[in-house]
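The structure appears right after this line, and notes come after that.
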Amino acid sequence: MKFPLPEKLFPPLPLEMADVVEAKLAAIAEDLVARRIREYDVHLYDRKSFIDMRYWNLLKKRENISVFQRKNSPPATTHSSQSLVSDDSKSYLLGLGSVVGTLEDAIFGMLGTTTTAMKVRTSYIGDHLVDAAVLRTIVEPTVEEPLRFVGVKWMVKKPVFKRLVRHRDFVFLESIGIRTNSKGERIGYHLLHSVDLPLFPSFQSLDIVRAKLSFCYLYRQRDASTIDCFLRGQVDPNGKIPAKLVALSGAEGLISCWRSIRSAEMKKITHFLRLQTSKRARTETTTSTIDASSSKRSTHCTLCTDGFSFFTSAHVCQICSERFCSKCVVERTVSFLVDGSIDRIVRRSMEFCTTCMLEVKRTSALQVAAEQLQEEEQHHYAPALSWEADAVWNNSGRTTASSAAHLESSMASWSGSVCSSQGSVHEGTRNRIMKFPVKESPFPQAELSRNLEQRLRHEADELVDRYMHAYDVHLYENGGVADLCDWSLIKKREGISMYTHRRSKRDLAKDDSNLYLLGLGNIAGRLEDTVYGVFASTTEAMHVRTSYLQVDLSDSALLHTLAGPSPDDPLRFMGIKWMVKKPRWQGIVRHRDFVMIESIGITSNSRGERIGYHLFKSVDLPCYPELKQSNIVRGRLSVCYLYRQRNKGCVDVYLRGRADAMGNVPTSIVATSAADVFISCWRSVRCAELNKLAYLFQQNTRQRVERASCQSSSAVSIRSGLTARGTVGMNDEVIQRCTLCLTQFGVWGGKKQCQLCDEMHCSRCTISRKISFLVNSKTVIRKKIAACTACMVKVKSLNPLDIARDHVNHHANTGFPSTVLGDAHSTAFPSVLAPPRVTMNFPLNDKYFPTVELEDVDAKSYRRLAREIVKKTLDQEMHYRYERKQQLDNNKWKFLKSKDRLRVYKRAATTPTANEIPMLLAVGAIEGTLEDAIYGVHHKNTEEMRTTTSFLNSNTLDAAVLATIESGTNEDPFHFLGLKWRITRTPGGTLISNRDVCVLDHMGIGVDSHGNRYGYHMMKSVDIPWCPAFQDKSIIRAQTMLCCIYRQLSPGVVAAYIKGVFNLGGDLIDYIAYNTAADTLLAIARAVDCAEAKRLTVMVQESNESTPMLQSSRSMSTHGIRSTSLDKGSHKRLSNNCCALCDKKTGLSSFVSTWDHCRICSRYVCSKCHVTKTIFAQPKNIKVACCKICILEAKNVRMDPRKPFPFVILAP
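Okay, here's the thing in structure tokens:
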């Protein structure tokens, strides 16, 4: 048996029996409730809440609720209403305890007056019901008594062992409300008592056993926040089930009452959500958009005023719509119905701020229940359906009856009154799969009569007028907002929100397969640009438009032109077109094609405002039959885009339409596919920009060809002109500066030629755009061209009406300007269109990056940014160290890799398929001191940075200090703030591009709020004009934010807390991206080794003052180290052939072990008494032998990071 069972399973109660039966049932309920209240009084006042354990066994306990089972069953009662079978399978239960909350909340949480409310309550309480229904309502709640209900219900209980025990169902009398006891105290009651009614027989044929129960929950307000609970009940499963199993199942049902407070809280949250949604809809003053993100977002938490960053993301409260940090929000799971269904309940996790949650808790359940009753009377829908209220297709019922009727009638007929659909052609032929794009049109050349053309034009114009009238009603009468009770948001992109109509029960009964859509939003741009971006009067122009709008169309064609552009109206077009939509699952879902009228233009509405329109409407014409032989399904659609200039730079978008996939395709797939196509209108302005760019590019190409033809006696083709463009009008060797900013071109190139004006510019003054070209009239190729900023400003300022008018006068048959650049006989393209590839060699010249002095405003901004990031990271480190006791949440952080005592974790993905930017956290310890950890990564200039970074990470190719904002002081000599650049070799060889970063670097030592010293090192990616991304494709500019906090945990041990976000760019697989980022964190552990290398270098310098030249040979005789006179009492002479530290003689050990001279003190030591260390030298670092005594002495050497970096110069 599958649940839920079909509706109308139980017949209605006859009217002649209704009054008698209802009166009897109401009397039984009153009698049972009064009896249980008297038992509660005896237990509470006579027995002082004492439980005699001689007669009761503790069966179950949860959340301060204890359930006991009667040891000896009492004699069965003789009351007719309690006709339970008297066998040993009965379980007599008693429950006692307390719940935190109010009496009204407890009753409101258990209240369920409809079938839908019962199922929603089940989702909150978790009482394991698989189906339920309200069979008869005897006493309904009223505004005076909103928590009062008496009725007959039916429910099916899920068995504990589904395969061994059959389902049990119950037909029972339920009574709920609040009354007073003998002492005058308010008592809340909830009664469930099985009744036998002939009209509701058992379902033995469905393998369901009719069981019986008698439960009564009593609640009493002990104090302001505590409720006493008294529960009595008995269960008869009506079958051979072990008594223990019956008792546990009954105890589980009784003990679930502790969740009634949470159920009430969730019901009140749902009520608040509905009220706030209606309030926002009424008070919304903007037109044609309900996107909350259009308003200015706060950068700080509304409650605690903490700022948001990469580490602390913003959370939006679903009630007040304000932004809060994670500490000020509470997560709750709300149940709601899907698409008006009374069976499918979905639980959605939502976030609410603590202020709204406090208001929810303070709101009286009586008030909420009364308001829901009033709202139900006004709008005729149940409170549980607040998110899925019944709706008609017109916008929230505000549209006038006449306009709604006209719009419905116009969209009800897909083909209008043109002609009827004809039978499919070639019925007997075998289906074949069509490959797109097709070489020739699948339809024969057809000639339409004048009458038919006139009727099609009239129908399209009339439909546009009706849509515009609906837009006026939406805009001026409805306030320009969508009622969320009627429309459900399915997709949102770039300021455009797509909604689908919620289907009511009446719509479901009609079996209407049409999908109704509504789109609202705005686009940045002008009205003419929006219309010009979607304008396409030829088949070639349609292909180019598809490439710009990025719509998944397999093929398209213009079948017939009904009205074309003219000089007076250059953006006017009407014609019959054919399009084939590419399915998402090509092997599962067949292609859909559409034959439709397209009408586009600019007109005026009733208030004189200019409105741009773009209409698609399917038509059935005999001359364009369905392509069933090609396994293509003919779909239907009717959609109209309307554009209105709201202000100088913003265009409002209004979209209405419907689609029918004409097949057994799930509604969700149809909705998603249609929304993807319709929402692409946000790219119309970019499409217009690319069209204008192609227009100017075409003009410039024609002028170059004309100039070249004047210099040559033979005709020069467009292709030849493009190939010769480098020699026409410009000599690259003469031009050494950018034409716009006058910046001198560097050694490594960086100059580009504008494809519109042929001037030479630097990379910062050029912009790349991809324009589309047609090859062989079908294939669209997109090529990237470069244009200077001055020409791009000219492109944006061009009036599309002038361009369209020019094409009407001179290029009537070419459609889009970019189509003329295609070569109909060759697929090759001139290589000059591709941007120049610059190959970089590292390290770069020291003067590659210019020396720039930052302005005070910029420097102040960088200081504030660096200190804010360090402060946020320090707060998180202190929370991790002091509050969480250095324990990470395993659900949020997954172990990645480790090195020594440093462990790296990655942030767990929020969704299974989430493609998120790697966020890593490294915690642990490194050996050394706090000063070593900072001094190891400290560098003040480019030379020092190259040396340090190459030591920390061998994959470093180059580095540079771009600007110094702050340097060390007497209080903090390790302090530094500046801008730096670094490029690193990415693992994978030539298959993976290298990554470079430009960061704001900040380091130093400070004191926290507890008075403890800590070291910090922060790096945050920034964009600066004099360090742009390289044009070399083998280098990708990465984005990173990293902050390290160090603390001296104990002598010789430094605790590390490192958090970073790494966006390496490109298409790196997760494994390489995460491991590359993890290696960056683990490389920080070498900072102590780097500090030691600096100290050893200084000691080598001091010991060789008279011999500054140090050769890189290992032999003592070939090094220029001065052999100082050693103290005879402290050192052995070299002639003794023994270790200066352990007195070990050389002997035969010199053949199997390494003996060497310490490069600091010149002692001759064995392999056990010396260690090979790296010291900094020029032109490259070297490894030398150091005795262990010198290594220990190096730890005590005091270094001042403000002094010049130590280097040892190698002899040639």
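In the UniProt record's numbering, the protein residues as written are 1 to 1212.
Positions of the beta carbon are idealized from the N, C-alpha and C atoms, including for glycine.
All figures in this text were calculated on a predicted structure; none of them were measured in a lab.
- Sequence-distant partners of F849 (beyond 5 residues in either direction) whose C-beta falls short of 8 Å from its own C-beta, in its chain, are A960, L962, W981, W1026 and C1027.
- V651 places its beta carbon 8 Å or farther from that of Y641.
- Judged by DSSP in its simplified three-state form, S630 adopts helix.
- Counting only the Cα atoms, L690 lies some 11 Å from Y532.
- A residue is called buried once 16 or more other Cβ atoms fall within 10 Å of its Cβ, and K1183, having fewer, is exposed.
- Taking each of L558, K770 and Q744 in turn and checking the Cα distance to M760, the smallest one comes out for Q744.
- Take the alpha-carbon of L484 and the one of T355: they are about 25 Å apart.
- Its chain contains M266, I269, M350 and F352 as the residues whose beta carbon lies nearer than 7 Å to that of R332, once the 5 sequence neighbours on both sides are disregarded; these appear in chain order.
- A distance of 8 Å or more separates the beta carbons of I37 and N238.
- With a contact defined as Cβ atoms closer than 8 Å, L558 and T539 qualify at about 5 Å.
- Per the C-alpha coordinates, the member of T363, I611, P583 and K582 positioned closest to Y471 is I611.
- Distance from the Cα of D593 is smallest, within the candidate group G1015, K899 and Y624, for Y624.
- The three-state reading of DSSP puts H271 in helix, counting H, G and I together.
- Rounded to the nearest whole angstrom, the CA to CA distance from S1021 to L1042 is 9 Å.
- The beta carbon of M1019 sits closer than 6 Å to those of V999, D1001 and L1042, all from its chain and outside the five residues before and after it, given in chain order.
- L448 has no beta-bridge partner at all, per DSSP.
- R769 is not a Cβ neighbour of L865, given a cutoff of 8 Å.
- Residue state for S618 is assigned as strand, using DSSP reduced to three classes.
- If the five residues before and after K60 are omitted, its C-beta is found closer than 8 Å to the C-beta atoms of S66, V67, L248, A251, E252 and I255, all from its own chain and listed in chain order.
- Of V464, V670, I785 and K648, the smallest CA-CA separation from R590 is found for V670.
- By DSSP's assignment, V1165 forms a beta bridge with D1156.
- Taking the Cα of N64 as reference, the smallest distance to any Cα among M498, H560, R457 and L96 is reached at L96.
- About 11 Å separates the beta carbon of L553 from that of K577, a gap too long to meet the 8 Å contact definition.
- Residue nearest to A365 within the set L1192, K1059 and G101 is G101 (criterion: CA-CA distance).
- By the CB criterion at 8 Å, V1165 and C1139 fall inside the cutoff.
- Using a Cβ distance threshold of 8 Å, E104 and L135 do not count as a contacting pair.
- Restricting attention to L192, S123, T114 and R901, the CA atom closest to the CA of D31 is found in L192.
- In this model, T873 and C1044 are separated by some 8 Å (Cα to Cα).
- Secondary structure of G480 (DSSP, three-state): coil.
- Within the model, the alpha-carbon separation for F1205 versus A933 is close to 16 Å.
- In the structure shown, S861 adopts helical secondary structure according to DSSP, grouped into three states.
- Under the three-state reduction of DSSP output, M574 falls in the strand class.
- When C-alpha distances from E375 are compared across M110, R274, S497 and T1174, the shortest belongs to R274.
- Under the three-state reduction of DSSP output, V1061 falls in the strand class.
- S680 counts as buried, since at least 16 other C-beta atoms from the protein chains shown sit within 10 angstroms of its C-beta.
- Distances from the alpha-carbon of L93 to those of K244, F172, V1098 and H167 put K244 closest.
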